[in-house]
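For reference, the structure is listed below as structure tokens.
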Amino acid sequence: MMLNVTNSPNVYRRYPDGLLIKRFLPEVFELKLYVSPIWFVVGLIGNAISFFIWVSKRQRGKNSSAVYLATLALTDLLLIICLFTEYLRLYLFLSSSLSVNGICQLFQAVFLFLQYYSIVLTFGFTLERWIAICYPFKRQKLCSTTRALVGVSLLAVIVACFSIFFASTWEVVDGACILANQWQNDTTFSIYLSTTECIFSLIVPIATLVFNILVLREIGHLVKSKILISRDNSSTHHVSIVRRLHHNHNSQHHQQVARTGTIKQSSEPLVLGAKHSSAHASAKEQANFQAVTIMLVILSFYLILCTLPVGIVFVVQMRFTDIPDNITDEEILANPAWQQYLRFLTAKEIIDFLCSSHYACNFIIYVLTGKSFRQHLKDILLCRHQQTRTEMTSAHYPKATCLREKIKRVDKLIPTEKGGEHKYIHRDLNCQGT
1 MMLNVTNSPN
11 VYRRYPDGLL
21 IKRFLPEVFE
31 LKLYVSPIWF
41 VVGLIGNAIS
51 FFIWVSKRQR
61 GKNSSAVYLA
71 TLALTDLLLI
81 ICLFTEYLRL
91 YLFLSSSLSV
101 NGICQLFQAV
111 FLFLQYYSIV
121 LTFGFTLERW
131 IAICYPFKRQ
141 KLCSTTRALV
151 GVSLLAVIVA
161 CFSIFFASTW
171 EVVDGACILA
181 NQWQNDTTFS
191 IYLSTTECIF
201 SLIVPIATLV
211 FNILVLREIG
221 HLVKSKILIS
231 RDNSSTHHVS
241 IVRRLHHNHN
251 SQHHQQVART
261 GTIKQSSEPL
271 VLGAKHSSAH
281 ASAKEQANFQ
291 AVTIMLVILS
301 FYLILCTLPV
311 GIVFVVQMRF
321 TDIPDNITDE
331 EILANPAWQQ
341 YLRFLTAKEI
351 IDFLCSSHYA
361 CNFIIYVLTG
371 KSFRQHLKDI
381 LLCRHQQTRT
391 EMTSAHYPKA
401 TCLREKIKRV
411 DKLIPTEKGG
421 EHKYIHRDLN
431 CQGT
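The C-terminal position of the sequence shown is numbered 434 in UniProt numbering, with every residue numbered one higher than the one before it.
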């Protein structure tokens, strides 16, 4: 156990790491000491399960957002491991390999990378969902699994550029991994660090919030549009029946045309509203798309709620630059500047503790809001294997299989014109071969 309490006049050397909080904020220290393991247990188990579910072909075949969610689960899993390492050092005072040059810098780079990457991944799948809803005819091209893989890779490269430089600013002094002296009072580095933190902890979450609002706004418009179209279809269906009864003397040809128009209008599937209509979309695909959208919006709002306060706290922390370092314990308790800083430190530690829950609790959101995720988890727990439509029509199955057990056959009259005569052919909408 590492307890480097010295008689140094410098308060940070006298109380390194978590000893400062233990000495002056014992309640906060005990909170993080005894409650933090809950995040670690939930995060390790939940993120591991989430990763294996989202990375499966069953989920990736349904929506490209599974690529972002699988990457997010893996990122949060590694973050939980990093947080646990810091917990052992700061609150259990155990020696770690961070006192070795090379490992110190690598850990700081990876730790920063994972924190920022988790934030930009949230922005990534929110932007993708906005594109899928507002530009539905570009959805197949822009929101594919391949594009999602390119997206997560590009975001990783961007974040890595920031974290690699950050690694070079750390060094090992007296067995402790600390920010190098040359950077501690460097104004340029302070501005760079503040700008970077503002970009990833304030600007990116705010941009994510804006796209979330746009998604919700579009969903609201589409729901209203769907209701209006449903009413129009109902009234059109009623009028067509009255007309057929009233004009009973018309020819068989006109009756078939009227019936065809009625069937076509009433059976035309609607994908999230009028401008999303598609004659080839199934009701199951629509329901899955809407369910995933709602789940992603809830997840995104939760991550924003846990990210913005941390960014705000960091900006406020920049105010505390003139606090004296060479001061005794008695003077700290009487010094107004230190008392203000300790109050801020109390709020900061509690906010950090609460907001770090999003590294652990995404799994709970998936279970509560994701029907597909919940069903997949249930199949795993019950040791069941459920073959999805995507898997059944993959390369292993060259012809599409027609399921007739719970699916009612739907025949649709398709008018064709040949030699001036109208003829009608039947198409089975449930069974299509490749």
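We treat Cβ as the ideally placed atom computed from N, Cα and C, and that holds for glycine. Remember, predicted model here, so these are calculated numbers, not experimental data.
Decide if residue i is buried, meaning its Cβ has at least 16 other Cβ atoms within 10 Å, or exposed.
i, result
"ILE320", "Here residue 320 turns out to be Phe, not Ile, going by the sequence shown. Exposed, by the Cβ-count rule."
"ILE206", "exposed"
"ARG343", "exposed"
"LEU154", "exposed"
"VAL11", "buried"
"MET318", "exposed"
"PHE113", "buried"
"SER168", "exposed"
"ILE49", "buried"
"LEU92", "exposed"
According to DSSP, what are the bridge partners of residue i?
i, result
"CYS355", "Answer by DSSP bridge pairing: none, since CYS355 is not bridged."
"GLU86", "Answer is none; GLU86 lacks a bridge partner."
"ASN10", "ASN326"
"CYS177", "VAL172"
Would residue i pass as a contact of residue j if the rule is Cβ separation under 7 Å?
i, j, result
"LEU142", "ILE131", "yes"
"VAL150", "TYR116", "no"
"TYR341", "ILE323", "yes"
"GLY175", "SER56", "no"
"PHE51", "LEU74", "yes"
"ASN362", "VAL297", "no"
"LEU202", "GLY311", "yes"
"THR196", "PHE162", "yes"
"LYS62", "ASN288", "yes"
"ILE88", "THR346", "It is worth fixing the name first, because residue 88 is Leu in this sequence and not Ile. No, the pair does not count as a contact, with Cβ atoms beyond the cut-off."
"ASN101", "VAL173", "no"
Roughly how far, in whole angstroms, is the beta-carbon of residue i from the beta-carbon of residue j, given that I think they are within contact range, below 8 Å?
i, j, result
"GLN105", "TRP54", "Not confirmed; about 32 Å, so no contact."
"TYR359", "ASP76", "5 Å"
"GLY43", "ILE103", "Not quite, the Cβ-Cβ distance comes to about 23 Å (not below 8 Å), so this is no contact."
"VAL110", "CYS82", "7 Å"
"ARG60", "THR145", "6 Å"
"PHE125", "LEU69", "7 Å"
"CYS355", "PRO309", "6 Å"
"ALA148", "VAL67", "4 Å"
"ILE350", "VAL152", "About 32 Å separates the two Cβ atoms, so there is no contact after all."
"SER65", "ARG129", "7 Å"
Hey, is residue i close to the ligand MG, as in C-beta under 6 Å from one of its heavy atoms?
i, result
"SER64", "You won't find the ligand MG in this model; it holds no ligand whatsoever."
Please go through the same chain and pick out, in chain order, the residues whose beta-carbon is closer than 7 Å to the beta-carbon of residue i, but skip the five residues on each side of it.
i, result
"LEU209", "ILE304"
"SER97", "ILE103"
Who are the near neighbours of residue i in its chain, counting only those whose CB is closer than 6 Å to its CB and skipping five residues on each side?
i, result
"ARG72", "One point to set straight first is that residue 72 is Leu, not Arg, in the sequence displayed. Within the same chain, LEU72 has close Cβ partners LEU121."
"LEU19", "none"
"residue 441", "Look at the range of the chain in this structure, 1 to 434, and you will see that residue 441 is not part of it."
"MET295", "THR369, GLY370"
"LEU299", "ILE365"
"ILE263", "Here the model assigns ILE263 a pLDDT of 41, short of 50, so the residue's position is not dependable and the matter cannot be decided."
"THR332", "The sequence shown places Ile at residue 332, not Thr. Excluding sequence neighbours, ILE332 sits near TRP338."
"GLN108", "ALA167, TRP170"
"ASP17", "LEU90"
"HIS376", "ILE53"
"PHE314", "GLU197"
"ALA291", "LYS371"
"ILE219", "none"
"GLU268", "Any reading at GLU268 must be qualified, since the residue scores a pLDDT of 42, below 50, and its modelled position is unreliable; no value is offered."
Keeping to the same chain, check which residues put their C-beta closer than 8 Å to that of residue i; ignore five residues upstream and five downstream.
i, result
"ASP325", "ASN10, VAL11, TYR12"
"PHE353", "LEU31, LYS32, VAL35, SER36"
"ASN335", "PRO324, ILE327"
"ILE199", "none"
Taking 7 Å as the CB-CB cut-off, is residue i touching chain B?
i, result
"PHE353", "Structure shown: chain B not included; a single protein chain is present."
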